[in-house]
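Enquirer: Below: one structure in structure tokens.
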Amino acid sequence: MRAFAIFLLGGALTSFVCASAWAGKLPKDAVELTAAEVKAIYSGKTGVYDVSSIYYASDGTTKGIFGKPKVTATFKGTWSVSGNEMCAKNKPKGDPKIYRDCNKFWRSGKRIYDLWSVHYDGSKPDLKSGYVTTTVKKLKDGDLVAKKYAAAGGE
């Protein structure tokens, strides 16, 4: 589904794509976040991105919308954490394919660094200078997609 591929590039991963101008290296003193810390970053929060939003429910499910201001697609799936990495698997309505994306997290001082570690399209992450500090700022408390998701026919 072309719309969902665009969603992945312009939506859920906006934190990586748009922040790439600010991407840089991981500081030498950075330490991996624990699984509990990564879960706390996402659990019960909505990622609000340029052209999409995705809700990360505390039960490990996701639901999302693509298109702003008009919703053009919905998707749902799951998210889980292993070590310092969060992975989401989402399936757009009407598309048989499941798309997987992952992000890894570190702390250096008061800053949280994030690397888009698994790309939905199989492209390789930038392990040298692909670290950003903007992802956490795009996550807002609560389910901010439920009404639009339901109105758009999300299951």
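Numbering of the sequence shown is given in the working numbering, commencing with residue 36 and proceeding in unit increments.
A virtual CB, placed ideally from N, CA and C, is assigned to each residue, including glycine.
This structure is a prediction, so every number in the text was calculated from the model and none was measured.
Comparing alpha-carbon positions, which option in Y77, S158 and K128 lies nearest K173?
Expert: That would be Y77, whose Cα lies nearest to the Cα of K173.
Enquirer: How is the beta strand (DSSP E) around V153 delimited, first residue to last?
Expert: Counting along the chain, the beta strand (DSSP E) containing V153 begins and ends at R146 to V153.
Enquirer: Identify the residues that DSSP records as bridge partners of S143: which are they?
Expert: DSSP, once it has assigned bridges, lists R146 as partnering S143.
Enquirer: Would you mind working out which of Y84, L150, W141 and V171 sits nearest S164, comparing C-alpha positions?
Expert: S164 has its Cα closest to that of L150, out of Y84, L150, W141 and V171.
Enquirer: For G95, which residues in the same chain have their Cβ closer than 7 Å to its Cβ, ignoring the five residues on either side in sequence?
Expert: Same-chain partners within the cutoff: T113, W114 and S115.
Enquirer: If you run the structure through DSSP and keep just helix, strand and coil, what is V171?
Expert: Looking at V171 - three-state DSSP - the assignment turns out to be helix.
Enquirer: Could you check whether S152 and K132 sit closer than 8 Å to each other, using their CB atoms as the reference points?
Expert: Contact flag unset, no.
Enquirer: So what does V116 bridge to, in DSSP terms?
Expert: DSSP, once it has assigned bridges, lists M121 as partnering V116.
Enquirer: According to DSSP, simplified to helix, strand and coil, what is V180?
Expert: In this structure, V180 counts as coil in the three-state DSSP scheme.
Enquirer: Would you say the beta carbon of R135 comes nearer than 7 Å to a heavy atom of the ligand PLP?
Expert: No copy of the ligand PLP occurs in the structure displayed, which carries no ligand at all.
Enquirer: In terms of DSSP beta bridges, what is Y91 paired with?
Expert: DSSP output for Y91 lists K80 and T97 as bridge partner(s).
Enquirer: For Y90 and G102, which I take to be in contact (beta-carbon distance under 8 Å), what is that distance rounded to the nearest angstrom?
Expert: About 16 Å; that fails the 8 Å criterion.
Enquirer: How many Å lie between V180 and K128 at the Cα?
Expert: So the two alpha carbons sit approximately 15 Å from each other.
Enquirer: Please determine, among G118, P62, K124 and T107, the residue with the shortest C-alpha to C-alpha distance to K183.
Expert: It is T107 whose Cα lies nearest to the Cα of K183.
Enquirer: What number of angstroms, rounded off, separates the C-alpha of A56 from the C-alpha of A186?
Expert: Because the pLDDT of A56 is 40, which lies under 50, any placement of that residue in the model is unreliable, and the question is left without a value.
Enquirer: Pick helix, strand or coil for K74, following the three-state DSSP scheme.
Expert: If DSSP states are grouped into helix, strand and coil, K74 belongs with the helices.
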